[in-house]
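Quick notes on the structure that follows.
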Amino acid sequence: MKYTVVDVRTKEEFAGGNVAGSINIPLQQVVEREKEIMEFKEPVLFCCASGGRSGQATNYFKAKGLECENGGGWMQANAIVNS
153 MKYTVVDVRT
163 KEEFAGGNVA
173 GSINIPLQQV
183 VEREKEIMEF
193 KEPVLFCCAS
203 GGRSGQATNY
213 FKAKGLECEN
223 GGGWMQANAI
233 VNS
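Per the working numbering, residue 153 is the first one in the sequence shown, and the count goes up by one each step.
Next comes the structure, spelled out in structure tokens:
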């Protein structure tokens, strides 16, 4: 499956390594950028460092009706995207 990968870690964490082609939207910004996220054409795969923050984002957007999944840590999400 093809996903839009949204990494909800901080800019600094994201700069330290990320899924190629992913979009960095720190968790603190997901609500203000909700419209942008809701308009992605592909299902969204949220990721972070361990799956906690991405789980929060996933739960929030699933409740809004967005097709999305928690990809866990960014290295796990990378494995999902490249499988």
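Even for Gly, the Cβ is constructed at its ideal location relative to N, Cα and C. Since the structure is predicted, the reported quantities are computational estimates derived from the model, not experimental observations.
6 Å Cβ shell around residue i - same chain, five flanking residues per side excluded
i	result
Phe192	Thr156
Residue i classed as buried or exposed, judged by whether at least 16 other C-beta atoms fall within 10 angstroms
i	result
Val183	exposed
Asn211	exposed
Rounded straight-line distance, which links the Cα of residue j to that of residue i
i	j	result
Ala231	Cys199	12 Å
Ile177	Phe166	10 Å
Arg161	Leu197	13 Å
Cys220	Arg205	14 Å
Glu188	Asn234	24 Å
Candidates the options: closest to residue i by CA position
i	options	result
Gln180	Asp159, Ala167, Lys216	Asp159
Glu186	Glu194, Phe213, Gly207, Gly168	Phe213
Gly154	Leu218, Met190, Glu194	With the sequence shown as reference, residue 154 is identified as Lys, and Gly is not the correct amino acid for it. Cα-wise, what sits closest to Lys154 is Glu194.
Cutoff 8 Å; reference residue i; Cβ partners in own chain excluding five residues on either side
i	result
Trp226	Asp159, Arg161, Gly169, Asn170, Val171, Ser174, Cys199, Cys200, Ala201
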